[in-house]
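Each residue of the sequence shown is one higher than the one before, starting from 411 at the first, in the working numbering.
Heads up: the structure comes next, in structure tokens.
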Amino acid sequence: MKKGKQIYEGKAKILYETDAPDLLIQYFKDDATAFNAQKKGTIQEKGIFNNSISSRIFEYLESQGIRTHYEKKLNDREMLVKRVEIVPIEVIIRNVAAGSLCKLLALAEGLKLKTPILDFCYKKDELGDPLVSEYHVLALGWATAQEIATIKDYTFKVNDLMKKFFLAINLDLIDFKLEFGRYKGQIILADEISPDTCRLWEVGTGKKLDKDRFRKDLGDVEEAYKEVFSRVTK
Ligand code: UDP
Numbered sequence: 411m412k413k414g415k416q417i418y419e420g421k422a423k424i425l426y427e428t429d430a431p432d433l434l435i436q437y438f439k440d441d442a443t444a445f446n447a448q449k450k451g452t453i454q455e456k457g458i459f460n461n462s463i464s465s466r467i468f469e470y471l472e473s474q475g476i477r478t479h480y481e482k483k484l485n486d487r488e489m490l491v492k493r494v495e496i497v498p499i500e501v502i503i504r505n506v507a508a509g510s511l512c513k514l515l516a517l518a519e520g521l522k523l524k525t526p527i528l529d530f531c532y533k534k535d536e537l538g539d540p541l542v543s544e545y546h547v548l549a550l551g552w553a554t555a556q557e558i559a560t561i562k563d564y565t566f567k568v569n570d571l572m573k574k575f576f577l578a579i580n581l582d583l584i585d586f587k588l589e590f591g592r593y594k595g596q597i598i599l600a601d602e603i604s605p606d607t608c609r610l611w612e613v614g615t616g617k618k619l620d621k622d623r624f625r626k627d628l629g630d631v632e633e634a635y636k637e638v639f640s641r642v643t644k
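Put into structure tokens, the structure is as follows:
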């Protein structure tokens, strides 16, 4: 697969064209940002860990009938993906209260939710990715009613599958973010699934093995990503 011109650079990844019009190369960087990019840093080898973790999870989800943009892992830092038109929504699903939910409603971190909460945020850095409702998504034409239904259905299924997947390696899936894209008229799962986009707490100890170690300066940041990588890929 020939690497073509760079078409996009985000906070954690770069996208390149390939010689196939429908396929892109997704390159994982070591750069880390938090709090709407007010905090910036580098997590050594994060790109390598996240590429492997994401690849493994996409392979698992595909094997369970979830359509994703993942084609294959190319090397340490790159995966081949389908070229999609990204729906400008971050879909967040929560099983346990943490992060912005605790802030919004003054909840204790770790409160187990009776049912999962699904939040939509509008992908707009300048606005700090604000929380919106399904009505905003529809009214502003970010997705159709049918696309929203598919996205919700996929997100709950992915949550059930990923909870099982992580529990098998002794990790509790607290919350995570998904992004979806349109490919040949269909909604498919895109972006990445990694400790950058999921909160993962070790069963028993409650140790945080995700980007909160970077956000909150908890130390052992690289070790946490490496630990998730070894559990996911063993
Ligand atoms: N998340 C993400 N990208 C974002 C915002 C959130 O991947 O731009 C993930 C985050 O890592 C966590 C979940 O979505 O696993 C819920 O995040 P939350 O809304 O609590 O926001 P945060 O505390 O990260 O500001």
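Even for Gly, the Cβ is constructed at its ideal location relative to N, Cα and C.
Consult DSSP for aspartate 535 and reduce its assignment to one of helix, strand or coil. DSSP places aspartate 535 in helix when its eight states are reduced to three.
Is any non-hydrogen atom of the ligand MN found closer than 7 Å to the C-beta of serine 510, if you look at the structure I gave you? Within the structure as shown, the ligand MN is missing, the only ligands being the ligand UDP.
Do you know how far the Cα of leucine 577 is from the Cα of asparagine 569? Distance between the alpha carbons of asparagine 569 and leucine 577: 12 Å.
Does the beta carbon of aspartate 585 fall short of 7 Å from some heavy atom of the ligand UDP? Yes; taking the cut-off as 7 Å, the Cβ of aspartate 585 has a heavy atom of the ligand UDP nearer than that.
What three-state label does DSSP hand arginine 466 in the structure shown? In the three-state scheme derived from DSSP, where H, G and I count as helix and E and B as strand, arginine 466 is classed as helix.
Please find out if some non-hydrogen atom of the ligand UDP comes closer than 7 Å to the beta-carbon of threonine 428. Not one heavy atom of the ligand UDP sits closer than 7 Å to the Cβ of threonine 428.
Spell out a yes or no on whether the stretch 490-501 and the stretch 614-621 are touching, meaning 3 or more CB-CB pairs, one atom from each, closer than 8 Å. Contact fails: fewer than three Cβ-Cβ distances are below 8 Å.
Contact under 8 Å by Cβ, arginine 623 with glycine 614: Glycine 614 is positioned such that its CB atom lies no closer than 8 Å to that of arginine 623.
Which word fits glutamine 436, buried or exposed, when buried means at least 16 other C-beta atoms lie within 10 angstroms of its C-beta? Glutamine 436 is buried by the Cβ-count criterion.
Under 8 Å between the Cβ atoms of isoleucine 372 and valine 631? Because residue 372 is not part of the residues shown, which for the chain are 411 to 644, the question remains open.
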